[in-house]
Amino acid sequence: MHFLGMLAFELCVTVKYDPLITLLSIWPAFVASWAAMRWISRAEKGVKHLWLSGMIIGLGIGIMHYSGMLAIRTAATMTFKPWWVLISVVAAVLLAVLALWFGQQCERLQRLRAWRHVVSGLVMGAAITIMHYIGMAAAAFVGIAEFARPVPTVDRWYLSTLVTLGTMILIGAAIAQNMLARQRQLARDLQFKEHQMRVIFQNAIDAIVITDAKGFIKMVNRAFEGMFGYQAQLIIGKHISKMIPDWKQLNAYARKRRQQDTSEKVVAERHGFHADGHEIPLRIALTRVMEYESNFCISFLMDMTAFHTQQNALEKLLTEDPLTGLFNRRGLLSLMRGIASGAHAHNVSRGMILLFLDLDGFKSVNDTLGHAAGDEVLITVSQRIPKVLREDDMVCRFGGDEFVILLTFTDHPRVLATRIAEKLIESIQQPIRFQSGQEITVGCSIGVAFAWPRKKEEIEALLEKADAAMYLAKKGNAGKVVFSSI
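The working numbering applies: residue 3 is where the sequence shown begins, and numbers increase by one.
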């Protein structure tokens with residue numbers, strides 16, 4: 003703008019421009035802009051740095067303008083009005099600061115971010131323009147007018163065209179450089195994000211495997227390698243069903259859900275196989291991805307071994323008697339419900355016999371020999387009972403010195419219960435020898451009830467009948483067996 007404005011300036015005398023000084027006058031603006039941009043981009047974006055950067059740019063514009071005017075060669079004498087010179091420089095500084103401030107504000111506001119260069123450029127252009135014309139107003143030329151001026155050696159319009167062309171080339175080069183810088187920045191950002199995703203992918207706690215739509219492995223992370231015992235380079239290109247046999251069914255189910263316009267994600271528990279052949283319980287979250295002409299599957303795998311171990315330990319804690327290792331009341335009821343629901347589901351008749359056993363003489367052992375001796379008696383009895391039962395029968399410690407034996411039958415329940423009860427009485431009445439060498443003998447009374455329960459209420463009723471029969475047996479002679487009459 004400055005050089006075109008100078009060419010538009012006309013005097014009544016011949017005006018020429020010194021080429022060397024004209025070229026040198028360009029550099030203050032370039033150097034000042036470069037220094038200010040580097041300063042404001044690296045420093046903290048505070049008011050102090052904003053003003054300092056604006057002063058650098060404003061002074062650079064002023065030096066460019068006045069050094070450019072010194073390139074004028076004319077017969078007239080050129081002088082400057084100091085106050086107008088000062089005003090022009092101050093105007094350039096203020097407008098440069100304003101341009102930088104607009105750029106910062108637009109950067110902060112998301113909706114104006116795309117306009118920050120336009121707004122800043124317009125204000126900066128206004129700074130150069132206003133400074134130029136104030137500076138021209140500050141100049142005074144004193145001389146004698148030429149009535150017959152010679153034709154200039156260089157045509158003014160040719161010079162203006164040359165300056166315009168040079169300016170357009172510089173602008174084009176700046177735009178191209180900006181676009182290239184933008185492309186390089188986008189490439190770096192993309193590369194950084196890709197690196198981030200790879201780091202996240204490789205360091206994820208869960209095993210992750212990416213396959214194509216047919217199940218051939220494209221990528222696995224370190225957790226997958228550790229879980230299955232394979233190195234990535236050995237399984238890339240192999241089919242995932244080698245490690246997860248049910249993968250095809252899960253993938254087909256995911257495809258079906260996609261066709262039904264529901265979620266493409268399938269979560270299921272399946273088994274996988276380690277490289278050494280052992281089975282791995284897995285929780286699989288499989289997702290089909292069909293976007294941007296991509297068609298692949300990503301599966302997140304969690305090893306459920308520790309979870310199942312903890313679950314089994316908790317189940318054992320809830321259903322097992324800590325002293326004898328037998329099932330407790332909760333375990334007994336759970337097993338009875340399972341048998342009843344299985345019989346109901348398969349529409350078969352499967353009866354249950356409950357033998358409710360209470361030890362005779364156990365209280366005197368606790369009172370005379372102590373609870374440690376009583377515990378040893380309970381442990382010994384719990385070891386003797388299973389030896390007289392069938393393989394599928396179950397025994398539990400119901401509480402205190404009470405035990406419940408569960409038998410299943412299809413016919414002749416009374417005969418079966420009588421035979422087992424007699425064996426139990428005979429086994430339990432055998433002497434028990436303590437480590438001290440002392441021997442004791444305990445007996446038992448047994449109440450028996452049988453039925454074909456299907457519901458929870460019927461199971462509880464059967465247990466109550468066996469309990470009532472046991473109390474009747476306790477009232478009689480020791481070693482007596484009583485069947486429920488209800």
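For glycine and all other residues, C-beta sits at the position ideal for the given N, C-alpha and C.
Cutoff 7 Å; reference A475; Cβ partners in own chain excluding five residues on either side: One-based indexing of the sequence shown puts residue 475 at position 473. Taken in chain order, the residues that qualify are S447, I448, G449, K482, V483 and V484.
P415 vs G333 beta-carbon contact at 8 Å: For the purposes of this step, residue 415 is taken as the residue at position 413 of the sequence shown. For the purposes of this step, residue 333 is taken as the residue at position 331 of the sequence shown. Contact flag unset, no.
Three-state secondary structure (DSSP) of M304: To locate residue 304, count along the sequence shown from 1; it is residue 302. Strand, per DSSP.
Rounded separation between G402 and C299 - CA only: As a working mapping, residue 402 is identified with position 400 in the sequence shown. As a working mapping, residue 299 is identified with position 297 in the sequence shown. C299 has its alpha-carbon roughly 57 Å from the corresponding atom of G402.
Beta carbon of L30 nearer than 8 Å to that of I74: On the sequence shown, position 28 is the one that residue 30 refers to. On the sequence shown, position 72 is the one that residue 74 refers to. Checking the displayed sequence, the identity of residue 30 turns out to be Pro instead of Leu. With contacts defined as CB atoms closer than 8 Å, P30 and I74 fail to qualify as a contacting pair.
Residues of its chain near E424, where Cβ-Cβ distance is below 8 Å and the 5 sequence neighbours each way are ignored: The count along the sequence shown starts at 1 and reaches residue 424 at position 422. Excluding residues within five positions, the ones whose Cβ falls inside 8 Å are V483.
Cutoff 7 Å; reference A139; Cβ partners in own chain excluding five residues on either side: Position 137 of the sequence shown, counting from 1, holds the residue named residue 139. Here the set comprises W86.
F329 versus F194 - alpha carbon distance: Here residue 329 is taken as the residue at index 327 of the sequence shown, counted from 1. Here residue 194 is taken as the residue at index 192 of the sequence shown, counted from 1. Their Cα atoms are separated by approximately 59 Å.
Same chain, Cβ closer than 6 Å to T443, neighbours up to 5 away in sequence not counted: Residue numbering aside, residue 443 sits at position 441 when the sequence shown is read from its first letter. The beta carbon of T443 sits closer than 6 Å to the beta carbons of P433 from its chain, once the five residues preceding and following it are set aside; these are given in chain order.
Span of the alpha helix (DSSP H) around I238: Counting from 1 along the sequence shown, the entry for residue 238 is found at position 236. Looking at the DSSP string, I238 is not in any alpha helix (DSSP H), and its letter there is neither H nor E.
In chain order, each beta strand (DSSP E) run of at least 3 residues that lies wholly inside the segment 274-342: 281-291 and 298-305
Beta-bridge partners of F218, as assigned by DSSP: The residue given as residue 218 occupies position 216 in the sequence shown. Answer by DSSP bridge pairing, in chain order: H241.
Neighbourhood of L409 by C-beta distance below 6 Å, restricted to the same chain and skipping five residues each side: The residue you call residue 409 lines up with position 407 of the sequence shown. So the list reads I355 and D395, once near-sequence residues are dropped.
Whole-number beta carbon distance between A98 and I136, since they are thought to touch under 8 Å: As a working note, residue 136 is residue 134 in the sequence shown. As a working note, residue 98 is residue 96 in the sequence shown. About 14 Å; that fails the 8 Å criterion.
Top-ranked residue by Cα proximity to S301, from L371, K220 and T412: Looking up residue 301 in the sequence shown gives position 299. If we check each option's Cα against that of S301, K220 comes out closest.
As assigned by DSSP and simplified to three states, the class of G64: What you label residue 64 is simply residue 62 of the sequence shown in a count that begins at 1. DSSP places G64 in helix when its eight states are reduced to three.
Neighbour-count burial assignment, I387, 16 or more Cβ in a 10 Å radius: For this step, residue 387 is matched to residue 385 along the sequence shown. Buried.
Cβ neighbours of Y232 in the same chain (closer than 7 Å, five flanking residues each side left out): As a working note, residue 232 is residue 230 in the sequence shown. For Y232, where only same-chain residues beyond five positions count, the Cβ hits under 7 Å are A277.
Alpha carbon of K258 to alpha carbon of K250, nearest angstrom: In the sequence shown, counting from the first residue as 1, residue 258 sits at position 256. In the sequence shown, counting from the first residue as 1, residue 250 sits at position 248. One C-alpha to the other measures close to 12 Å.
DSSP-derived helix/strand/coil call for V390: Your numbering for residue 390 matches position 388 in the sequence shown. Here V390 sits in helix by DSSP.
Distance between S487 and V383 (C-alpha atoms, nearest Å): Counted from its first residue, the sequence shown places residue 383 at position 381. Counted from its first residue, the sequence shown places residue 487 at position 485. If you take the alpha carbons of V383 and S487, they lie about 28 Å apart.
Proximity winner among Y255, T370 and G62, relative to Q440 (alpha-carbon distances): Taking the first residue of the sequence shown as 1, we reach residue 440 at position 438. When each option's Cα is compared against that of Q440, the closest is T370.
C-alpha distance - H273 paired with E281, whole-angstrom precision: Mapped onto the sequence shown, residue 273 falls at position 271. Mapped onto the sequence shown, residue 281 falls at position 279. Their backbone Cα atoms lie some 6 Å apart in a straight line.
First through last residue of the beta strand (DSSP E) which encompasses G445: Position 443 of the sequence shown, counted from the first residue, corresponds to residue 445. Element bounds for G445: G445 to A453.
Cut-off 8 Å between Cβ atoms - residues of its own chain near F218, not counting five sequence neighbours on either side: Numbered from 1 along the sequence shown, position 216 holds the residue referred to as residue 218. Correct list, in chain order: G239, K240, H241 and I242.
Rounded Cβ spacing between A419 and L335 (contact assumed at less than 8 Å): Start at 1 with the first residue of the sequence shown, and residue 419 comes out as number 417. Start at 1 with the first residue of the sequence shown, and residue 335 comes out as number 333. That pair is no contact at about 20 Å.
Start-to-end residues for the beta strand (DSSP E) that takes in R75: Position 73 of the sequence shown, counting from 1, holds the residue named residue 75. Element bounds for R75: I74 to T76.
Close beta carbons around A468, own chain, < 8 Å, minus the five adjacent residues each side: Along the sequence shown, read from residue 1 onward, the residue named residue 468 stands at position 466. Answer for A468: L356, L357, F358, V406, G449, V450, A451 and S486, listed in chain order.
Cβ pair V207, A225 closer than 8 Å: By 1-based counting over the sequence shown, the position of residue 207 is 205. By 1-based counting over the sequence shown, the position of residue 225 is 223. First, the residue type needs correcting, since residue 207 is Ile and not Val in the sequence shown. Contact flag set, yes.
Proximity of I63 and I132 at Cβ, strictly below 8 Å: Numbered from its first residue, the sequence shown carries residue 63 at position 61. Numbered from its first residue, the sequence shown carries residue 132 at position 130. No. Outside cutoff.
According to DSSP, residues forming a beta bridge with L361: Working through the sequence shown from its first residue, we reach residue 361 at position 359. Partner(s): C446.
Residue burial classification, T79 (beta-carbon count within 10 angstroms, cutoff 16): Sequence index remark: in the sequence shown, residue 79 carries index 77 (1-based). By the neighbour-count rule (16 or more Cβ atoms within 10 Å), T79 is not buried but exposed.
Contiguous alpha helix (DSSP H) assignments of at least 4 residues, all confined to the segment 402-451: 415-430
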